[in-house]
Amino acid sequence: MLDLKNYLLDKDVYIKDEYFKDGKKFVDIEKQIDLIINFQKILKGYTPKDKGCIRSEFGKRIDRIYVMTKKLEVIKKDKNIYEKEIIEKCNLGLKKIKEINYREILRRGMLNSEFSIERLDPANLRVDNKIQVGKIKKITFNTVEEDFINYMMKRKKVDKKNVIDDYVKQYVEKSNLEKSSLNYINIILDIPQESLRYLYKFRGDENLDYSEFKSIVENELEF
């Protein structure tokens, strides 16, 4: 990780080793998107001394969604309305992924040795005269879309779908990505990942807090 810190320092990017407490204050989302794109361009130039020490996460998000969905289909034979909706939405998303040029996105990411640090929200990425990163807990090989998706998943909790759609369009256009990236990001954001993870975590647990589960699902699916 030291060579990454040195590389970023050479590019005038500073790691503060703590998340920013003012990260939840009002932030111009369009400026944050521009900052994300700028940071990803900088990160793209990083060449690790030992690539073998960096884990590859290419395609892992889809793999995890697939595994959780299929296991829940078997476990949850008598589904309530919320469980049924989650599984149906996940299966629909997985079906749509097959209809776009998803493999080309993975191929591009691998050829370009693209990286992910998981968090690019304002609590971990900002400009204060210079670009600052809060923490880099880990860095993995992954497509640039993934970190942006993580940020948009946070925005989904406060912004309407049409607003999120506009942010996604801006990011794809400014990053010079293909239409397949636009489709991929939108499909993933339509999959109720938080609800899926919650349901999977407590699968088979008779003490599942359905009031909390119901709240998560209704918020994520906009019931």
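Residue numbers (this note's numbering): 5 to 227. All C-beta atoms in this analysis are idealised placements derived from N, C-alpha and C, irrespective of residue type, glycine included. Being a predicted model, the structure only gives us computed values, none of them experimental.
Ranking P52, K25, N105 by CA distance to the CA of K9 puts P52 first. For K64, same chain residues with a beta-carbon under 8 Å away, outside a window of 5 residues either side, are N146 in chain order. Rounded to the nearest whole angstrom, the C-alpha separation of L110 and F62 is 6 Å.
Residues L124, L129, D151, F152, Y155, Y175 of the same chain have their beta carbon placed closer than 8 Å to that of I40, with the five preceding and five following residues left out of the count. Within the stretch 175-209, complete alpha helix (DSSP H) segments of at least 4 residues are found at 183-194, 197-205, given in chain order. Scanning E89, I37, G49, I135 for the CA closest to the CA of K218 turns up E89.
For L129, the uninterrupted beta strand (DSSP E) segment begins and ends at 129-132. By the C-beta criterion, the stretch 136-146 is judged not to be in contact with the stretch 168-185, since fewer than 3 inter-stretch pairs fall below 8 Å.
Per DSSP, V17 lies in no alpha helix (DSSP H) segment; the continuous beta strand (DSSP E) that holds it begins and ends at 17-19.
Under the DSSP definition of a beta bridge, S117 lacks any partner. Boundaries of the alpha helix (DSSP H) around V78: 64-79. By the neighbour-count criterion, in which 16 or more other beta carbons inside 10 Å mark a residue as buried, E118 falls on the buried side.
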